[in-house]
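Here the structure comes first, spelled out in structure tokens, and everything after it is commentary.
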Amino acid sequence: LWLLVVASTGGSGEVPPVPRAVPEPRAVPQSPRAVPEVSRAVPESPRAVPEPPAVSDAELRELSEQMLAADSNRAGPGQLELNLKGSGSDTEAGRLFSYVSPALLSRPTFSRLLALLDNYEPRTGRDEKETAEEQQEQKEFLDAALDTPVLALLERFVLRKGLYPSAEAFRADLHSMWFGLYSRSSGKALDSSGFEHVFHGEGTWGDTEDGEGHCCHNWVQLQALERSGRLEYLGYTWDGPWMDFPDVLSLQFRWDGYSKPRGSLLVGSSPEFDLALPGVTLTCPCRCRVSLGGEAATIQTYTWEKQRLVASAYPLTP
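Those letters in the sequence shown? Residues 1 to 318, by full-length UniProt numbering.
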């Protein structure tokens, strides 16, 4: 998916008769860059991000359009209705989702995504302890997603470009980049993953007076939180030019009483599309310009400490 990089001291000429020009190897340690250069080039982590083969902007735009066209699980006419309210309104709580089709949410990737969303502790600083049942739910979700045309397209693309040696390697990396655990609490706990940050959401609320929700870039989770009474929609700051789904939305909300001043996400996309699009962006540094229905969009993707672990992924908005 992604894609997601001696000094020699030659003889001075003053002692030519001496046959042992040994100063050269002794001069190597004196170079301050010698050891760090090797350390950075060969990171100890087996998941460190390698230099990917070049992927052009044109290829990324073409692939994103192909995946969008193949996304038969995205919301269709009459399956999703939004109540956007006034732009920038933050004084009155309301509902964002006027209607979400139960039939849409019962499709395999949606239902398996929803099954995963109750597995996480949203407060950072607390260990995420995965049970065997939860790990099985991760596998079932990815298996369902990999069985869709969207991820089949992405798999063929990364193999053709030589980004992975095999389909098995791609699938293993897809799991680790989204579900691999890391610490957002300076090593105090293994408290986060790409999936938790992007699809579920997490933050510091409840532990400090200035706690806040740091994220949640997935519309399926937002509608689930709103339906359970835990999310209050406070208005939007930007709505994209798309007339059907997926749309790009920048919005404000409160989650369990704590405000998210601004967050952006795709609305109406399928879970497999939300998995695949950040994977495309890992083939280029930081920002990736894609095309959705003929309209340009930019996806911002961060990796965790230069490893193949998603730190965050979301569409950029003005």
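Beta carbons: idealized from backbone N, C-alpha and C, even for Gly.
8 Å contact criterion, which residue i and residue j should meet: CB distance rounded
i, j, result
"residue 220", "residue 247", "With a Cβ gap of about 14 Å, residue 220 and residue 247 do not count as contacting."
"residue 120", "residue 196", "5 Å"
"residue 154", "residue 280", "7 Å"
"residue 252", "residue 235", "6 Å"
"residue 228", "residue 317", "Not quite, the Cβ-Cβ distance comes to about 27 Å (not below 8 Å), so this is no contact."
"residue 101", "residue 79", "4 Å"
"residue 312", "residue 61", "About 22 Å; that fails the 8 Å criterion."
"residue 159", "residue 170", "7 Å"
Coil, strand or helix - residue i by DSSP
i, result
"residue 239", "strand"
"residue 192", "strand"
"residue 141", "helix"
"residue 267", "strand"
"residue 102", "helix"
"residue 173", "helix"
"residue 158", "helix"
"residue 322", "In the structure as shown, the chain begins at 1 and stops at 318. Residue 322 is therefore absent and cannot be evaluated."
"residue 153", "helix"
"residue 308", "coil"
"residue 251", "strand"
"residue 130", "coil"
"residue 97", "strand"
"residue 313", "strand"
"residue 168", "helix"
"residue 30", "Only weak support exists for where residue 30 lies, its pLDDT of 47 falling under 50; the coordinates are left without a value."
"residue 146", "helix"
Proximity of residue i and residue j at Cβ, strictly below 8 Å
i, j, result
"residue 110", "residue 117", "no"
"residue 182", "residue 193", "yes"
"residue 314", "residue 265", "yes"
"residue 179", "residue 138", "yes"
"residue 325", "residue 310", "Shown here, the chain extends from 1 to 318; a query on residue 325 therefore has no answer."
"residue 184", "residue 144", "no"
"residue 94", "residue 189", "no"
"residue 191", "residue 239", "no"
"residue 203", "residue 258", "yes"
"residue 57", "residue 289", "yes"
"residue 98", "residue 82", "yes"
"residue 146", "residue 226", "no"
"residue 262", "residue 237", "yes"
"residue 73", "residue 148", "yes"
"residue 157", "residue 63", "yes"
"residue 295", "residue 241", "yes"
Continuous beta strand (DSSP E) stretch holding residue i: start and end
i, result
"residue 223", "Segment 219-227 is the alpha helix (DSSP H) holding residue 223; no beta strand (DSSP E) there."
"residue 110", "First-last for residue 110: 108-116, but that is the alpha helix (DSSP H), not the beta strand (DSSP E)."
"residue 296", "295-303"
The alpha helix (DSSP H) enclosing residue i, as first and last residue numbers
i, result
"residue 281", "271-281"
"residue 77", "Here residue 77 belongs to no alpha helix (DSSP H), and DSSP marks it neither H nor E."
"residue 57", "57-70"
Any non-hydrogen atom of the ligand MN closer than 7 Å to residue i Cβ
i, result
"residue 259", "With respect to the ligand MN, the structure shown offers nothing to examine, as it has no ligands at all."
Can at least three beta-carbon pairs, one atom from the stretch 268-277 and one from the stretch 245-260, be found at a separation below 8 Å?
yes
I'd like to know if the stretch 170-179 and the stretch 65-77 are in contact, where contact means that at least 3 CB-CB pairs between them fall below 8 Å.
no
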